[in-house]
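Quick note on this note's numbering: the sequence shown kicks off at 775 and runs consecutively.
Everything below concerns the one structure shown next.
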Amino acid sequence: YRDFAETDLSVPVLSGRKPDSERFPGALHSYTIEALMPDGQALQAGTSHNLGQNFARAFNIKFLDSDNTEKFVWTTSWGLSWRMLGGLIMAHGDDRGLVLPPRVAPYQAVIVPILSGKGRDEVLAAARSIASGLAPAVRVRLDDRTEVTPGWKFNDWEMRGVPLRIELGPRDLAQRQAVLVPRVGGGKRSVPLDGLAEAVSSILAEIQQTLLQQAKAYLDGHIVTATTREQFAAAIAARSGFVRVGWCGAEACEQALRREGGASPRLISTETPGGPCPSCGGVARHVVYYARAY
Ligand SMILES: [Zn+2]
């Protein structure tokens, strides 16, 4: 899950085990990845559950083991679905609309030919040839609509989150070049038609990385560590993202933190605890991340 979220969706996540209070009913352990949305709330983006033999007992699912006795099977349950899609949209979107990472974008690049005045047939023919040259390595769409202006198309495809726009006008064609405009990160540039395929794939890889880095910087900038109840309450009230605390393991201490402003323990991390448990001041055995959540 973590690899998929980060490599394909450019959405960095925290991962770990759910505390018993948040565990899937009937599971021995539940594991989760949690992403942070722009409003400072956590999104449980994917979970997996070790169901042990509980469900096998309930449904009488057995297997014949090598010692020739029947035993209940061990089962797991995995879920990553629409919620992750919502997370993807919320994590990267901006005021101009959707922003999709190239690895999952239905169209990775759109070609917008400037079809006004002289040379329009040549421009359209060149745009078609660019499209067929880029496919199938790049999922490319040629927007040859004539009923709307190029400017209208620019906005339309930005809103739809297409990672890269390729503009081609009569002047570009005369100079044997096209203009590449990434959806994020700036860096509009003219590229010779001869090297276009290489330029497009390297810019798409750049965009994928830019999105991950932006989202990672946001996540890292929205994790605060609290060592006292007061610090914890203030961080939750400020809606500042994840609050990292030590936990002694006592349920009463978890309950005490839950009462501070509507946050829930999102996961128990594998990190080694440093500070005290903010609730009781005792020695922390775990590191737990709290947040308000969807
Ligand atoms: Zn405690």
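Glycine is no exception: its CB is placed at the ideal position from the N, C-alpha and C atoms.
For residue 881, collect the residues of the same chain with a Cβ closer than 6 Å to its Cβ; drop the 5 residues on either side in sequence, then sort them by chain order. Contacts found: 913, 915 and 936.
List in chain order the residues whose CB is within less than 7 Å of at least one heavy atom of ligand 1. Taking every residue with its beta carbon within less than 7 Å of a heavy atom belonging to ligand 1 gives, in chain order, 1021, 1022, 1024, 1027, 1051, 1053, 1054 and 1056.
Quick check on residue 845: does DSSP put it in helix, strand or coil? strand
Considering only the alpha carbon of each residue, which of 1068, 911, 958 and 901 lies closest to residue 874? When only C-alpha atoms are compared, the closest one is 958.
If residue 1047 and residue 1060 are in contact, beta carbons under 8 Å, what's the gap, nearest whole angstrom? Indeed they touch by this definition, with Cβ atoms about 6 Å apart.
Can you give me the start and stop residues for the alpha helix (DSSP H) that residue 809 sits inside? Where residue 809 is concerned, there is no enclosing alpha helix (DSSP H), although the beta strand (DSSP E) around it starts and stops at 803 to 810.
Would you mind listing the beta strand (DSSP E) stretches within the stretch 833 to 917 that are 3+ residues and don't spill past its ends, in chain order? 836 to 838, 844 to 846, 849 to 853, 883 to 887 and 914 to 916
Anyone know if the C-beta pair for residue 788 and residue 824 falls short of 7 Å? no
Need the endpoints of the alpha helix (DSSP H) that residue 947 sits in, please. 944 to 948
Mind the definition here: the stretch 1015 to 1033 touches the stretch 970 to 983 only if three or more C-beta pairs lie below 8 Å; say whether that holds. no
Taking the alpha carbon of residue 829 as the point to measure from, which residue in 852, 846 and 837 has its own alpha carbon closest? Of 852, 846 and 837, the smallest CA-CA separation from residue 829 is found for 846.
Three or more C-beta pairs below 8 Å linking the stretch 977 to 993 and the stretch 936 to 954: yes
Using a threshold of 7 Å, state whether the C-beta atoms of residue 783 and residue 862 are closer than that. yes
By a C-beta neighbour count over all protein chains shown, 10 Å radius and 16 as the cutoff for buried, is residue 941 buried or exposed? buried
Nearest candidate by alpha-carbon position, reference residue 1030, set 1007, 869 and 805: For residue 1030, the nearest C-alpha among the options comes from 1007.
When you compare each of 956, 1053 and 955 to residue 1000 by their alpha carbons, which one comes out closest? 1053
Just to confirm my understanding: we take residue 1016, look at its own chain, exclude 5 residues before and 5 after, and list those with CB closer than 6 Å. What are they? 997, 1063 and 1065
Could you check how far apart the C-beta atoms of residue 819 and residue 807 are, in whole angstroms? I think they sit under 8 Å. Between residue 807 and residue 819 the Cβ distance is about 5 Å, and since that is below 8 Å, they are a contact.
Buried or exposed by the 16-neighbour rule on C-beta atoms within 10 Å, applied to residue 927: With 16 or more Cβ atoms within 10 Å of its Cβ, residue 927 is classed as buried.
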